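Colleague: Chains A and B are the protein sequences, given in the same order. Sequential numbering of the first sequence, starting at 1, is according to the working numbering. Sequential numbering of the second sequence, starting at 434, is according to the working numbering.
There are 2 protein chains.
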Amino acid sequence: LEAGRADDVTTVVGPLHHSDTGDVLEQLDHNERLALVRLMGDRFDFSALTEVDESIRLEIMEELPNAAIARGVAGLDNDDAVSLLEDLEPHDRNEVLSALPTFERLSLKRSLDFPEDSAGRRMQTDFIAIPPFWTVGHTIDYMRRERDLPDEFYQIYVVDAAYKVLGTVPLDRILRSLRGTPIESIMNTTLVLIDANEDQEEAARQFERYDLVEVGVVDENGRMVGVLTVDDMVDVIQEEADEDFRLLAGVGDEDVSDTTVDTVRSRVPWLVINLFTAVMTSMVIGLFNATIEQMVALAVLMPIVASMGGNAGAQTMTVTVRALAMRELDGGRLRRLIRREVVVGFVNGIIFAILIGVVTALRYGDVQLGAVIAAAMIINMIVAGTAGILIPLTLDKLKADPAIASAVFVTTVTDVVGFFAFLGIAGLWFGLF
Amino acid sequence: LEAGRADDVTTVVGPLHHSDTGDVLEQLDHNERLALVRLMGDRFDFSALTEVDESIRLEIMEELPNAAIARGVAGLDNDDAVSLLEDLEPHDRNEVLSALPTFERLSLKRSLDFPEDSAGRRMQTDFIAIPPFWTVGHTIDYMRRERDLPDEFYQIYVVDAAYKVLGTVPLDRILRSLRGTPIESIMNTTLVLIDANEDQEEAARQFERYDLVEVGVVDENGRMVGVLTVDDMVDVIQEEADEDFRLLAGVGDEDVSDTTVDTVRSRVPWLVINLFTAVMTSMVIGLFNATIEQMVALAVLMPIVASMGGNAGAQTMTVTVRALAMRELDGGRLRRLIRREVVVGFVNGIIFAILIGVVTALRYGDVQLGAVIAAAMIINMIVAGTAGILIPLTLDKLKADPAIASAVFVTTVTDVVGFFAFLGIAGLWFGLF
Numbered sequence: 001l002e003a004g005r006a007d008d009v010t011t012v013v014g015p016l017h018h019s020d021t022g023d024v025l026e027q028l029d030h031n032e033r034l035a036l037v038r039l040m041g042d043r044f045d046f047s048a049l050t051e052v053d054e055s056i057r058l059e060i061m062e063e064l065p066n067a068a069i070a071r072g073v074a075g076l077d078n079d080d081a082v083s084l085l086e087d088l089e090p091h092d093r094n095e096v097l098s099a100l101p102t103f104e105r106l107s108l109k110r111s112l113d114f115p116e117d118s119a120g121r122r123m124q125t126d127f128i129a130i131p132p133f134w135t136v137g138h139t140i141d142y143m144r145r146e147r148d149l150p151d152e153f154y155q156i157y158v159v160d161a162a163y164k165v166l167g168t169v170p171l172d173r174i175l176r177s178l179r180g181t182p183i184e185s186i187m188n189t190t191l192v193l194i195d196a197n198e199d200q201e202e203a204a205r206q207f208e209r210y211d212l213v214e215v216g217v218v219d220e221n222g223r224m225v226g227v228l229t230v231d232d233m234v235d236v237i238q239e240e241a242d243e244d245f246r247l248l249a250g251v252g253d254e255d256v257s258d259t260t261v262d263t264v265r266s267r268v269p270w271l272v273i274n275l276f277t278a279v280m281t282s283m284v285i286g287l288f289n290a291t292i293e294q295m296v297a298l299a300v301l302m303p304i305v306a307s308m309g310g311n312a313g314a315q316t317m318t319v320t321v322r323a324l325a326m327r328e329l330d331g332g333r334l335r336r337l338i339r340r341e342v343v344v345g346f347v348n349g350i351i352f353a354i355l356i357g358v359v360t361a362l363r364y365g366d367v368q369l370g371a372v373i374a375a376a377m378i379i380n381m382i383v384a385g386t387a388g389i390l391i392p393l394t395l396d397k398l399k400a401d402p403a404i405a406s407a408v409f410v411t412t413v414t415d416v417v418g419f420f421a422f423l424g425i426a427g428l429w430f431g432l433f
Numbered sequence: 434l435e436a437g438r439a440d441d442v443t444t445v446v447g448p449l450h451h452s453d454t455g456d457v458l459e460q461l462d463h464n465e466r467l468a469l470v471r472l473m474g475d476r477f478d479f480s481a482l483t484e485v486d487e488s489i490r491l492e493i494m495e496e497l498p499n500a501a502i503a504r505g506v507a508g509l510d511n512d513d514a515v516s517l518l519e520d521l522e523p524h525d526r527n528e529v530l531s532a533l534p535t536f537e538r539l540s541l542k543r544s545l546d547f548p549e550d551s552a553g554r555r556m557q558t559d560f561i562a563i564p565p566f567w568t569v570g571h572t573i574d575y576m577r578r579e580r581d582l583p584d585e586f587y588q589i590y591v592v593d594a595a596y597k598v599l600g601t602v603p604l605d606r607i608l609r610s611l612r613g614t615p616i617e618s619i620m621n622t623t624l625v626l627i628d629a630n631e632d633q634e635e636a637a638r639q640f641e642r643y644d645l646v647e648v649g650v651v652d653e654n655g656r657m658v659g660v661l662t663v664d665d666m667v668d669v670i671q672e673e674a675d676e677d678f679r680l681l682a683g684v685g686d687e688d689v690s691d692t693t694v695d696t697v698r699s700r701v702p703w704l705v706i707n708l709f710t711a712v713m714t715s716m717v718i719g720l721f722n723a724t725i726e727q728m729v730a731l732a733v734l735m736p737i738v739a740s741m742g743g744n745a746g747a748q749t750m751t752v753t754v755r756a757l758a759m760r761e762l763d764g765g766r767l768r769r770l771i772r773r774e775v776v777v778g779f780v781n782g783i784i785f786a787i788l789i790g791v792v793t794a795l796r797y798g799d800v801q802l803g804a805v806i807a808a809a810m811i812i813n814m815i816v817a818g819t820a821g822i823l824i825p826l827t828l829d830k831l832k833a834d835p836a837i838a839s840a841v842f843v844t845t846v847t848d849v850v851g852f853f854a855f856l857g858i859a860g861l862w863f864g865l866f
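#1: From 417(A), 271(A), 314(A), 125(A), pick the residue whose C-alpha is nearest to that of residue 446(A); which is it?
#2: Within this structure, are the beta carbons of residue 308(A) and residue 604(B) separated by less than 8 angstroms?
#3: Terminal residues of the continuous alpha helix (DSSP H) containing residue 455(B)?
#4: Between the alpha carbons of residue 419(A) and residue 286(A), how many angstroms are there, rounded?
#5: Whose Cβ in chain A lies nearer than 8 angstroms to the Cβ of residue 744(B)?
#6: Taking DSSP as the reference, what is the three-state secondary structure of residue 129(A)?
#7: Using a cut-off of 9 angstroms between C-beta atoms, extract the partners of residue 409(B) located in chain A.
#8: Using only alpha-carbon positions, find the residue among 459(B), 452(B), 449(B) that is nearest to residue 330(A).
#9: Could you work out which residues of chain A lie near residue 765(B), taking near to mean beta carbons separated by less than 8 angstroms?
#10: Assign residue 362(A) to one of two classes, buried (16 or more other C-beta atoms within 10 Å of its C-beta) or exposed (fewer than that).
#11: Answer with buried or exposed for residue 464(B), where buried requires no fewer than 16 other C-beta atoms within 10 angstroms of its C-beta.
#12: Going along the segment 537-556 of chain B in order, which residues come within less than 8 angstroms of chain A, judged by CB to CB distance?
#13: Which same chain residues end up closer than 7 angstroms to residue 288(A) when comparing Cβ atoms and leaving out the 5 residues on each side of it in sequence?
#14: Checking contacts by CB at 8 angstroms: is residue 726(B) closer than that to chain A?
#15: Is residue 543(B) near residue 665(B), with beta carbons less than 8 angstroms apart?
#16: Do residue 281(A) and residue 372(A) have their beta-carbon atoms positioned less than 8 angstroms apart in this structure?
#17: Is there contact between the segment 619-628 of chain B and the segment 29-48 of chain A, where contact requires at least three CB pairs shorter than 8 angstroms?
#18: Taking C-alpha atoms, which residue in 614(B), 587(B), 823(B), 552(B) lies nearest to residue 567(B)?
#19: Give me the DSSP bridge partner(s) of residue 628(B).
#20: Which residue wins for smallest C-alpha separation from residue 500(B), given the options 531(B), 486(B), 510(B)?
#21: Comparing alpha-carbon positions, which option in 651(B), 452(B), 574(B) lies nearest residue 424(B)?
#22: How is the alpha helix (DSSP H) around residue 256(A) delimited, first residue to last?
#23: Please list the terminal residues of the continuous beta strand (DSSP E) segment that includes residue 168(A).
#24: Please name the residues in the segment 800-828 of chain B whose beta-carbon is closer than 7 angstroms to at least one beta-carbon of chain A, in chain order.
#25: Quick one: which residues of the segment 767-781 of chain B get their C-beta closer than 7 angstroms to a C-beta of chain A? List them in chain order.
#26: Note down the Cα distance separating residue 354(A) from residue 378(A), rounded to an integer number of angstroms.
#27: Could you work out which residues of chain B lie near residue 153(A), taking near to mean beta carbons separated by less than 8 angstroms?
#28: Might you give, ordered along the chain, the residues of its own chain that have their beta carbon closer than 6 angstroms to the beta carbon of residue 174(A), omitting 5 neighbours on each side?
#29: Since residue 214(A) and residue 119(A) should fall inside the 8 angstroms C-beta cutoff, what is the C-beta to C-beta distance between them, to a whole number of angstroms?
#30: Taking 8 angstroms as the cut-off, does the segment 742-751 of chain B touch the segment 815-832 of chain B (at least 3 CB pairs, one atom from each stretch)?
#31: Let me check understanding here. Comparing Cα to Cα, which of 40(A), 429(A), 71(A), 359(A) lies closest to residue 291(A)?
#32: What residue does the alpha helix (DSSP H) around residue 681(B) start on, and which one ends it?
#33: Find the residues of chain A that neighbour residue 450(B), judging by a C-beta separation of less than 9 angstroms, and give them in chain order.
#34: Return helix, strand or coil for residue 190(A), following the three-state DSSP convention.
#35: Could you please give the first and the last residue of the uninterrupted alpha helix (DSSP H) stretch that includes residue 155(A)?
#36: Take residue 510(B) and list the residues in its own chain whose beta-carbon comes closer than 8 angstroms to its own, dropping the five residues that flank it on each side.
See the structure below:
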């Protein structure tokens with residue numbers, strides 16, 4: 001089909017929902033994608049590009065002439081257009097912008113002036129604002145008459161002459177009210193508004209918290225400049241959770257469709273850090289060369305203490321990182337959580353100290369060795385619980401994303417403490433120094 | 434304030450949004466919570482209970498008399514009521530249900546008959562359904578007249594006599610159309626409907642994919658039985674991502690507010706599994722007792738190979754688990770991903786083999802030891818990439834949640850292979866068996 005039959009391709013792809021067109025694009029290989037977009041020409045729905053992985057989007061956008069991008073972008077909602085343009089090189093972006101009609105250009109420029117990942121970048125600039133003295137009938141007539149309404153909307157904004165928001169009216173309330181009802185009397189006046197400079201994650205949390213569907217966005221002077229709708233926030237929530245995931249595992253900003261080279265590049269830094277900490281850990285073991293030489297069983301057993309600590313630390317860390325991400329921790333809860341994690345570490349320490357102590361004593365016929373590994377296990381489990389909570393907290397206090405670096409620090413701590421405690425106690429106990 | 438001044442408490446807590454009331458409850462301790470709910474009596478907004486952690490919800494519900502729960506639940510939306518009742522013991526649940534008015538009882542019963550975590554449990558049973566031959570004017574008059582409308586709604590459903598959905602009309606479209614317009618001519622006929630028995634995660638994916646705000650839910654005969662709204666789906670998306678997180682780290686179904694005992698109980702199973710695999714790994718090391726005895730440097734270096742493999746495996750595994758959760762993997766993509774991960778493992782293996790090989794050779798003044806650890810590193814990194822993708826895939830094929838058990842399996846594989854390859858190659862090379 002990719003042999004140039006433009007009309008056939010358009011007949012097949014044209015009527016698809018843009019999410020589905022996006023899927024089609026992801027299925028194709030590099031050349032097929034470009035061929036598809038070129039063949040369809042102006043009949044290609046650019047909003048499909050907002051649905052594909054970033055690497056594919058950039059790949060397509062870079063190959064297309066800026067004039068074609070401008071034509072495609074002109075037909076999009078403001079927020080979709082922004083998300084396509086923000087990834088472009090500044091030079092290309094300006095060329096596309098200058099090819100657009102004045103009104104679109106200005107409104108896109110204004111959105112792009114807000115910081116990256118802010119509510120201003122995600123908002124739509126089409127919304128309905130009416131004065132408070134209108135009646136329901138007046139409002140309905142206005143909407144019946146006016147051709148240039150947003151594609152979809154869920155509430156109407158009541159504003160004063162300076163575009164400051166006085167209230168909001170959900171559409172269902174308009175439909176339930178008699179024509180003569182003054183808008184002022186049915187509007188919601190407990191307002192949830194979002195600052196255009198606010199981070200999109202913060203905005204998403206407001207949506208989640210107050211079950212919002214649409215919310216007004218205001219600039220620094222309190223003037224209404226756009227609206228955020230819940231479908232965009234759903235993507236933000238999904239991305240945010242995903243980001244924490246990836247950061248914890250050190251896989252950077254990867255997509256499944258990334259190339260091998262990109263993937264290697266994104267993963268090497270994390271592995272380099274891990275190599276450093278692994279070498280450090282191995283140097284700690286190196287301190288006990290003489291001890292191990294006299295008692296090889298120690299080398300056999302030592303990874304158990306380290307591994308159990310690593311797992312216990314990861315459990316506490318995961319709980320803490322997620323609680324931080326969801327802003328669930330304030331003073332009282334935090335103290336309670338720290339106390340709980342230390343106690344849990346202690347209790348788990350006792351449980352697994354007994355288990356591994358007995359197993360070791362039986363296997364080596366040496367009760368003292370069992371006691372040594374048990375003692376090391378208790379120490380490492382308590383340290384794991386403490387590190388698992390304090391490390392992400394400290395990173396958060398230092399304004400670093402706790403998801404990104406916690407995992408390395410926590411396992412380094414549990415490895416070092418695990419090996420050091422076990423080999424150290426053994427050395428002292430058996431007089432092997 | 435908790436000294437019994439019911440009116441004061443009500444004045445403070447009463448006007449809060451139910452999310453905020455939920456926060457207040459979470460701040461309080463066990464006795465204060467109950468005191469608050471009891472003091473406020475019928476003025477307590479039960480929807481606040483849908484906003485607190487499950488453990489707190491159950492704690493409060495168990496202490497309240499069933500009659501009080503019935504009074505509280507009667508004022509709730511169907512979906513909120515279901516989410517409170519589904520956690521109750523069957524006996525208590527039936528008692529609460531039988532204390533409710535007939536209409537509420539039947540509609541709650543019907544929702545509760547759908548499987549747990551299905552769309553039917555999450556849906557609201559209030560919606561507006563009209564026949565196709567009405568006009569816009571007729572519809573608006575109906576909504577102005579009818580008192581018993583849903584609290585909030587975003588679209589209207591056009592149904593036939595058997596309640597089969599023929600189309601949907603967003604409210605904004607009604608507001609834009611003249612009174613004489615037949616509903617049939619403005620309704621959407623490309624329908625997205627969700628089966629009440631469908632899993633809520635599947636439903637949430639539809640919302641995400643098609644940017645929905647509200648969608649009709651139909652029973653097995655295609656009759657409309659309720660609607661799902663996006664605010665409920667936002668919670669589902671959040672929970673789903675969270676669940677994967679927790680499963681990967683082995684922290685079960687924990688809340689930050691869980692007690693120490695609950696936390697220990699939820700984490701021990703995972704640690705027990707880890708203890709088994711750690712002992713298994715240690716037995717692999719035990720095979721090389723004699724080798725280590727002759728060359729203690731091996732014991733010092735071996736954790737490096739295992740740790741690097743473990744990290745590389747976790748990277749691949751995280752990407753795979755998330756891709757599976759988001760249904761991003763079909764045949765073509767899957768083959769590409771497997772190929773990529775194996776190649777990435779090989780490339781990273783070479784990079785880190787050279788790094789660690791050189792460091793080792795310099796530190797021990799022994800080029801051969803450097804070559805041995807380099808060879809083991811390449812092997813373990815390739816194995817890590819392969820295991821990181823094949824293990825979650827296999828679990829998924831076996832209908833197990835890949836998030837739950839992948840982490841143990843992958844690290845066990847990389848530990849065992851890491852130690853075995855390194856100690857084995859060293860033993861052969863230096864003739865230490």
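For every residue, glycine included, the Cβ atom is placed at its ideal position computed from N, Cα and C. Quick caveat, the model's predicted, so the values are computed rather than measured.
Modeller: Based on what the coordinates show:
#1: With chain A covering only 1 through 433, there is no way to say anything about residue 446(A).
#2: No, Cβ-Cβ distance for residue 308(A) and residue 604(B) is not below 8 angstroms.
#3: 451-460
#4: The alpha-carbon separation between residue 419(A) and residue 286(A) amounts to approximately 10 angstroms.
#5: Within chain A, the residues near residue 744(B) are 250, 270, 271, 274.
#6: strand
#7: The requested residue 409(B) is not part of the displayed model; chain B covers only 434 to 866.
#8: 459(B)
#9: Correct list: 27.
#10: With a threshold of 16 other beta carbon atoms within 10 Å, residue 362(A) falls short and is exposed.
#11: exposed
#12: The segment 537-556 of chain B vs chain A, Cβ under 8 angstroms: nothing.
#13: 423, 427
#14: yes
#15: no
#16: No, the pair does not count as a contact, with Cβ atoms beyond the cut-off.
#17: no
#18: 614(B)
#19: DSSP lists 651(B) as the beta-bridge partner residues of residue 628(B).
#20: 531(B)
#21: The structure shown does not extend to residue 424(B), since chain B spans only 434 to 866, so no value can be given for it.
#22: Element bounds for residue 256(A): n/a, residue is neither H nor E.
#23: For residue 168(A), the enclosing beta strand (DSSP E) has its first and last residue at 165-170.
#24: none
#25: 770, 773, 776, 777, 780, 781
#26: 9 angstroms
#27: 605
#28: 136
#29: Their Cβ separation, rounded to whole angstroms, is 13 angstroms, which puts residue 214(A) and residue 119(A) out of contact at 8 angstroms.
#30: yes
#31: 429(A)
#32: 663-682
#33: 190, 209, 210
#34: Of the three classes helix, strand and coil, the one that applies to residue 190(A) here is coil, per DSSP.
#35: First-last for residue 155(A): 155-159, but that is the beta strand (DSSP E), not the alpha helix (DSSP H).
#36: 480, 557, 559, 584
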